[in-house]
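Remarks on the structure that follows.
In this note's numbering, the protein residues as written are 497 to 730.
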């Protein structure tokens with residue numbers, strides 16, 4: 497009987513750990529063979545940590561929201577399409593302002609190695625989210641094709657050169673999020689945004705709601721099973 501007790505408790509604990517780990521997997525949307533690493537209504541926030549220009553204040557926030565993900569055909573290629581909205585929080589005015597509402601962001605086909613960016617990406621080089629696995633060359637070629645900018649890469653950073661002394665550097669992490677966005681005029685930083693980890697909102701898919709209930713149920717089962725085993729005669 498004691499041997500059964502020793503085996504049963506570790507098995508139940510292992511099952512509990514499995515159900516805790518699975519919900520931590522990042523949300524993603526798959527259309528065909530093409531994956532976008534986030535879901536509709538996921539939001540991400542960047543904070544302005546440095547500014548020498550008139551358009552940005554220190555601690556201003558920029559919030560990017562994935563509005564919709566759907567199927568579409570672009571240049572005769574079936575693509576996963578993403579629409580987005582931008583809200584900007586002005587610390588001087590003390591309010592969120594909707595700057596761009598439910599506009600085209602990108603079209604992506606992983607199999608065809610096809611990527612098409614919205615105007616904000618190639619005009620301002622403000623790439624917020626990118627498909628994973630991150631391919632900086634694919635990103636650079638897409639922006640260069642659309643906006644005629646030159647680009648270089650360095651590890652996880654892509655640098656866009658506008659040819660007039662202005663460059664924009666983006667550090668893109670493994671999740672496909674630009675963790676930093678910094679603009680330079682010659683060697684002087686004009687503004688720098690950093691991903692505000694505290695402001696990231698990740699929506700857990702409804703499928704994981706069942707997992708959460710299962711975790712709670714297993715926890716109760718472990719508690720009462722252990723209690724019963726302790727109280728049972730040896």
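Heads up, the beta-carbon is just placed ideally off N, CA and C, and yes, glycines get one too. Small disclaimer: the values here were computed from a predicted structure and weren't measured.
Which residue marks the beginning of the alpha helix (DSSP H) containing residue i, and which one marks its end?
{"i": "residue 480", "result": "Residue coverage of the chain in this structure runs from 497 to 730, which leaves residue 480 outside it and unanswerable."}
{"i": "residue 463", "result": "Shown here, the chain extends from 497 to 730; a query on residue 463 therefore has no answer."}
Quick one: what's got a C-beta closer than 6 angstroms to residue i's C-beta in the same chain, skipping five residues either side?
{"i": "residue 552", "result": "544, 687"}
{"i": "residue 584", "result": "558, 593, 595"}
{"i": "residue 689", "result": "542, 544, 677"}
{"i": "residue 546", "result": "685, 688"}
{"i": "residue 679", "result": "664, 686, 687"}
Apply the 10 Å Cβ neighbour rule to residue i and answer buried if 16 or more other Cβ atoms are within range, or exposed otherwise.
{"i": "residue 620", "result": "exposed"}
{"i": "residue 571", "result": "exposed"}
{"i": "residue 612", "result": "buried"}
{"i": "residue 556", "result": "buried"}
{"i": "residue 670", "result": "exposed"}
{"i": "residue 603", "result": "buried"}
{"i": "residue 628", "result": "buried"}
{"i": "residue 650", "result": "exposed"}
{"i": "residue 691", "result": "buried"}
{"i": "residue 672", "result": "buried"}
{"i": "residue 665", "result": "buried"}
{"i": "residue 515", "result": "Note on residue 515: pLDDT 37, under 50, position unreliable in the model; the coordinate value appears next. Result: buried."}
What residue from the options has the CA that sits closest to residue i's CA?
{"i": "residue 569", "options": "670, 608, 639, 662", "result": "608"}
{"i": "residue 560", "options": "618, 680, 548, 581", "result": "581"}
{"i": "residue 482", "options": "630, 667, 650", "result": "The requested residue 482 does not occur in the structure, where the chain is confined to residues 497 to 730."}
{"i": "residue 659", "options": "646, 653, 670", "result": "646"}
{"i": "residue 642", "options": "562, 678, 615, 532", "result": "615"}
{"i": "residue 577", "options": "566, 586, 583", "result": "566"}
{"i": "residue 537", "options": "579, 618, 546, 605", "result": "579"}
{"i": "residue 657", "options": "554, 693, 618", "result": "618"}
{"i": "residue 525", "options": "596, 564, 597", "result": "564"}
{"i": "residue 574", "options": "693, 654, 605", "result": "605"}
{"i": "residue 652", "options": "675, 532, 600, 540", "result": "675"}
{"i": "residue 632", "options": "624, 654, 679, 550", "result": "654"}
{"i": "residue 597", "options": "591, 638, 625, 562", "result": "562"}
{"i": "residue 540", "options": "591, 626, 664", "result": "626"}
{"i": "residue 667", "options": "694, 636, 640", "result": "636"}
{"i": "residue 533", "options": "589, 648, 624, 591", "result": "624"}
{"i": "residue 601", "options": "679, 550, 639", "result": "639"}
Ordered along the chain, which non-local residues of its own chain (more than five positions away) have a Cβ less than 7 angstroms from that of residue i?
{"i": "residue 731", "result": "Missing from the structure shown is residue 731; the chain here goes from 497 to 730 and no further."}
{"i": "residue 622", "result": "616, 677"}
{"i": "residue 587", "result": "553, 555, 556"}
{"i": "residue 548", "result": "684, 685, 686"}
{"i": "residue 634", "result": "609, 611"}
{"i": "residue 599", "result": "579, 580, 614"}
Considering just the uninterrupted stretch of the beta strand (DSSP E) at residue i, what are its terminal residues?
{"i": "residue 609", "result": "First-last for residue 609: undefined, no H or E at that position."}
{"i": "residue 601", "result": "591-605"}
{"i": "residue 681", "result": "674-681"}
{"i": "residue 757", "result": "The chain is shown from 497 up to 730; residue 757 falls before or after that span and cannot be answered."}
{"i": "residue 530", "result": "530-532"}
{"i": "residue 586", "result": "573-586"}
{"i": "residue 625", "result": "Looking at the DSSP string, residue 625 is not in any beta strand (DSSP E), and its letter there is neither H nor E."}
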